[in-house]
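Chemist:
Chains as they are written, first to last, in this note's numbering: chain A, 13 to 252; chain B, 13 to 252.
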């Protein structure tokens, strides 16, 4: 290989490393945003809520940065095969992370409403759900940084547990609403908060599929388990 | 230009046309899916619900097809500048459309639960919202097919009206819940249905931004209006 050719290859490799760093940095920022949003709800921490909302424009800016860099890489480097797969995956993953950030922002906003209500019941289910979702998000960002398809597969599998908690929580919140109309507004926001966390879990699962595909060159060889069955949930009021 | 070079250019142009057709076909399919889901809720049409749910794997398959085709185009054609922008936009738009399909499926599923409840109030607000959202979705798919940045801008602007109806609907549904606990389960599903429609409107707005950028080479020169203010909504029960 000529010195020139070697130089071009080397700097392309550096660019790919830079792209991966951009994505894992974005992942780290989103991870913190989700942690802040969960603290805002569970610890009634309004500073955390404000920080989670303020982080959002930075996450959006990072997504645009990734897209610009991807377009430049595609135009100037004309990558093939596995490199191309990784670059397209990076673009798609940045879109997933941006949405996770949106959900975190929405959770944080709703926590501000919750602060105006007394909470007559423990948020145990929600705390458990937020723990699992944060764990999955962290794992998938690590898997992404290390090109670890096995770890991606683990995250993919553990989303079923998140869905199970969400479905139980849906019924629980509806029951609280039926017990006392004063619970309706806070529980409606808690329903959306739980749904947002469930969606964050789904996005972690989407990223798991993308990481697996980028590394292996083929999709995960299993059918995705059914998620949110709460869409079919019927909870009857005792008055009926 | 040599015959050979002309042939290559011509077939690349044909491929770009094919890519746009794939995306507008996908858009048409998603449009029908949303219409079916809205009929399922508003007309209590369970056949429409089933069709909307069944359409979803086809929409997902189309997204994968677009991605495969985009990767092939990037690898074999090494497109530059505007072509590259259009190809990357197509990839991102197919992701947006896939999500619109997901929301339509979720609306259709929830309509099946609603059928088990009597509806003591008219769904006027929801009907109005579904009309607006469907109109915006149709407009943006037309704008996409015609590379019409002005029309994309119109769709982008009209999302504010969708958000306004959604915010009013949120309060209305919470009030119904407070009036009678038997309303709680159906209204919880209606809250999510309304939220899903609001999200479909957001995705139409995202696509509008992508179409504008692909055509003009620069982002829409205005700040996106604030959307869902219902995250901050406090509705008090008369008992308080």
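In this text, a Cβ means the ideal position worked out from N, Cα and C, and glycines have one as well.
1) Going along chain B in order, which residues have a C-beta closer than 8 Å to the C-beta of residue 152 (chain A)?
2) Who are the neighbours of residue 86 (chain B) on chain A, taking C-beta pairs under 7 Å?
3) Cβ closer than 8 Å: which chain A residues qualify as neighbours of residue 128 (chain B)?
4) Where do the ends of the alpha helix (DSSP H) carrying residue 63 (chain A) lie?
5) According to the Cβ coordinates, are residue 227 (chain A) and residue 161 (chain A) closer than 7 Å?
6) Give a yes or no on whether 7 Å exceeds the smallest Cβ distance from residue 249 (chain B) to chain A.
7) Just to confirm the assignment, what range does the alpha helix (DSSP H) spanning residue 95 (chain B) have?
8) Can you round the beta-carbon distance between residue 193 (chain A) and residue 190 (chain B) to whole angstroms, since I take them to be within the 8 Å contact cut?
9) I'd like the span of the alpha helix (DSSP H) that includes residue 173 (chain A), first residue to last.
10) Could you work out which residues of chain B lie near residue 121 (chain A), taking near to mean beta carbons separated by less than 8 Å?
11) Listed in chain order, which residues of the region 195-210 of chain A have Cβ atoms closer than 8 Å to some Cβ of chain B?
12) Just the C-alpha distance for residue 99 (chain B) and residue 82 (chain A), rounded to the nearest angstrom, thanks.
13) For residue 42 (chain B), return the contacting residues in chain A, with the cut-off set at a CB-CB distance below 9 Å.
14) Please check the pair residue 27 (chain A) and residue 103 (chain A), which I expect to be a contact at CB under 8 Å, by giving their CB distance rounded to whole angstroms.
15) Would you mind sorting residue 88 (chain A) into buried or exposed? The rule is 16 or more other CB atoms within 10 Å of its CB.
16) Check whether the region 138-158 of chain B touches the region 137-151 of chain A, taking contact to mean three or more Cβ pairs, one atom from each stretch, closer than 8 Å.
17) Select from the region 102-120 of chain B all residues with a C-beta closer than 8 Å to any C-beta belonging to chain A, and list them in chain order.
18) If you run the structure through DSSP and keep just helix, strand and coil, what is residue 249 (chain B)?
19) For residue 184 (chain B), I'd like the list of residues in its chain whose CB is within less than 8 Å of its CB, leaving aside the five on either flank, ordered along the chain.
20) Starting from residue 137 (chain B), trace the alpha helix (DSSP H) in both directions and tell me its first and last residue.
21) Using three-state DSSP, classify residue 39 (chain B) as helix, strand or coil.
22) Helix, strand or coil for residue 229 (chain A), going by three-state DSSP, please let me know.
23) For residue 212 (chain B), collect the residues of the same chain with a Cβ closer than 8 Å to its Cβ; drop the 5 residues on either side in sequence, then sort them by chain order.
24) Since residue 90 (chain A) meets chain B, which of its residues come closer than 7 Å, beta carbon to beta carbon?
25) Look at the Cβ atom of residue 119 (chain B), then the Cβ atom of residue 49 (chain B), and state whether they are nearer than 7 Å.
26) For residue 206 (chain A) versus residue 186 (chain B), is the C-beta distance shorter than 7 Å?
27) Express the C-alpha separation of residue 203 (chain B) and residue 93 (chain A) in angstroms, rounding to a whole number.
28) Keeping to the same chain, check which residues put their C-beta closer than 7 Å to that of residue 125 (chain B); ignore five residues upstream and five downstream.
29) Let's test the definition: count the other Cβ atoms within 10 Å of the Cβ of residue 229 (chain A) and tell me whether it reaches 16, buried, or not, exposed.
30) Whose C-alpha, out of B:242, B:39, B:101, is nearest the C-alpha of residue 147 (chain B)?
31) Between residue 100 (chain B) and chain A, is there a C-beta pair that is closer than 7 Å?
32) Determine, for residue 10 (chain A), whether the minimum Cβ-Cβ distance to residues of chain B falls below 7 Å.
33) Please classify residue 236 (chain A): does DSSP put it in a helix, a strand, or coil?
34) For the region 168-199 of chain A, which residues have a beta carbon sitting closer than 7 Å to at least one beta carbon of chain B?
Modeler: Concretely, from the data shown:
1) What residue 152 (chain A) touches in chain B: nothing, since even the nearest Cβ is about 18 Å away.
2) 86, 96
3) 246
4) 58-89
5) yes
6) yes
7) 93-126
8) 5 Å
9) 161-191
10) 243, 244
11) 196, 197, 200, 201, 203, 204, 207
12) 12 Å
13) Here the premise fails: no neighbours, minimum Cβ distance about 17 Å.
14) Actually they are not in contact, since the Cβ atoms of residue 27 (chain A) and residue 103 (chain A) sit about 14 Å apart, beyond 8 Å.
15) exposed
16) no
17) 103, 104, 107, 118
18) coil
19) 137
20) 136-157
21) helix
22) coil
23) 46, 112, 115, 116, 145, 149
24) 90
25) yes
26) no
27) 45 Å
28) 201
29) exposed
30) B:39
31) yes
32) Residue coverage of chain A in this structure runs from 13 to 252, which leaves residue 10 (chain A) outside it and unanswerable.
33) coil
34) 186, 189, 190, 193, 194, 196, 197
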